[in-house]
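Chains A and B, in that order, give the protein sequences.
In this text, residue positions in the first sequence follow the numbering used here: the first is 654, and each later residue adds one.
In this text, residue positions in the second sequence follow the numbering used here: the first is 65, and each later residue adds one.
Heads up, the beta-carbon is just placed ideally off N, CA and C, and yes, glycines get one too.
Structure first, then comments.
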Amino acid sequence: NAGVTQTPKFQVLKTGQSMTLQCAQDMNHNSMYWYRQDPGMGLRLIYYSASEGTTDKGEVPNGYNVSRLNKREFSLRLESAAPSQTSVYFCASRPRKAGAGEKLFFGSGTQLSVL
Amino acid sequence: QKEVEQNSGPLSVPEGAIASLNCTYSDRGSQSFFWYRQYSGKSPELIMFIYSNGDKEDGRFTAQLNKASQYVSLLIRDSQPSDSATYLCAVNSGTASKLTFGTGTRLQVTL
């Protein structure tokens, strides 16, 4: 059982380059999320998808786009990378039922550096 | 004002002592509260959740919630070196399944 799989694990980009971070979950979860984590800033929500076919902005969406390709996959795209987007990116998923106790399942993260 | 606030630490406690981690939140409509542990270079993992005022115990961990004071805490009894990690407080305001995280408190358990 793979859980939440993120690719790639590491990436170095030059300013202005584009790339897509891939995320897939095999737990039949409805909700999926993209967070970024910076030193001293905690986890900040970029975008989320409460269910297949829907996406919504989180706290820091500027410079990013997302696609909920199907129930399993939720990708994050940087159209024109900037040094401020250097961060660790985590994808997470969560079952349908809302409320207490519904844990987020995290992927292993992507370390992205933009030079 | 940040939605979820934590002291960044590091909080240093000796092995066997009680570690007390605190978190405050700004949204009075928040409904559920979570504590995640994150080891360096790893992804966060859930260790406790609580949604009613009072205490909730699970092994060496106790979560405490006071909605009137907008305050949630995590107590770790008999702290072990393996508890050394960053502890993230997260709050669900009940809208659209979003969790808002604090910046985390780094805990160091010393021998």
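- For A/Tyr700, the nearest beta carbon of chain B is not closer than 8 Å to its own beta carbon.
- For A/Lys756, the nearest CB of chain B lies under 8 Å from its own CB, placing it at the interface with that chain.
- For the stretch 84 to 117 of chain B, residues whose beta-carbon sits nearer than 9 Å to a beta-carbon of chain A comprise Gln95, Ser96, Phe97, Phe98, Tyr100, Gln102, Gly105, Lys106, Ser107, Pro108, Glu109, Leu110, Phe113, Ile114, Tyr115, Ser116.
- Note that the C-beta distance between B/Val77 and B/Ser143 is below 8 Å.
- Identification of chain B residues near A/Gly762 by a Cβ-Cβ cut-off of 7 Å yields Ser107, ordered along the chain.
- Within its own chain, the residues whose Cβ lies closer than 6 Å to the Cβ of B/Ser157, once the five positions on either side in sequence are excluded, are Asp91, Gly93, Ser94, listed in chain order.
- For B/Ile82, there is no enclosing beta strand (DSSP E), as DSSP gives it neither H nor E.
- Non-local C-beta neighbours of B/Lys120 in its own chain, meaning closer than 6 Å and more than five positions away in sequence, comprise Ile114, Ala127, ordered along the chain.
- Look at A/Met694: its C-beta is under 8 Å from a C-beta on chain B.
- Of all residues in the stretch 150 to 171 of chain B, the ones placed with a Cβ closer than 7 Å to any Cβ belonging to chain A are Leu152, Ala160, Ser161, Lys162, Leu163, Phe165, Gly166, Thr167, Gly168, in chain order.
- Excluding sequence positions up to five before and after B/Gln172, its CB lies within less than 6 Å of the CB of Pro74, Ser76, Ser148, all in the same chain and listed in chain order.
- In the three-state reduction of the DSSP assignment, B/Ser72 falls in the coil class, being assigned neither a helical nor a strand state.
- For the set B/Tyr100, B/Cys87, B/Lys131, the Cα lying nearest the Cα of B/Tyr151 is the one of B/Tyr100.
- Contact between the stretch 714 to 733 of chain A and the stretch 666 to 684 of chain A is present: three or more C-beta pairs spanning the two stretches fall below 8 Å.
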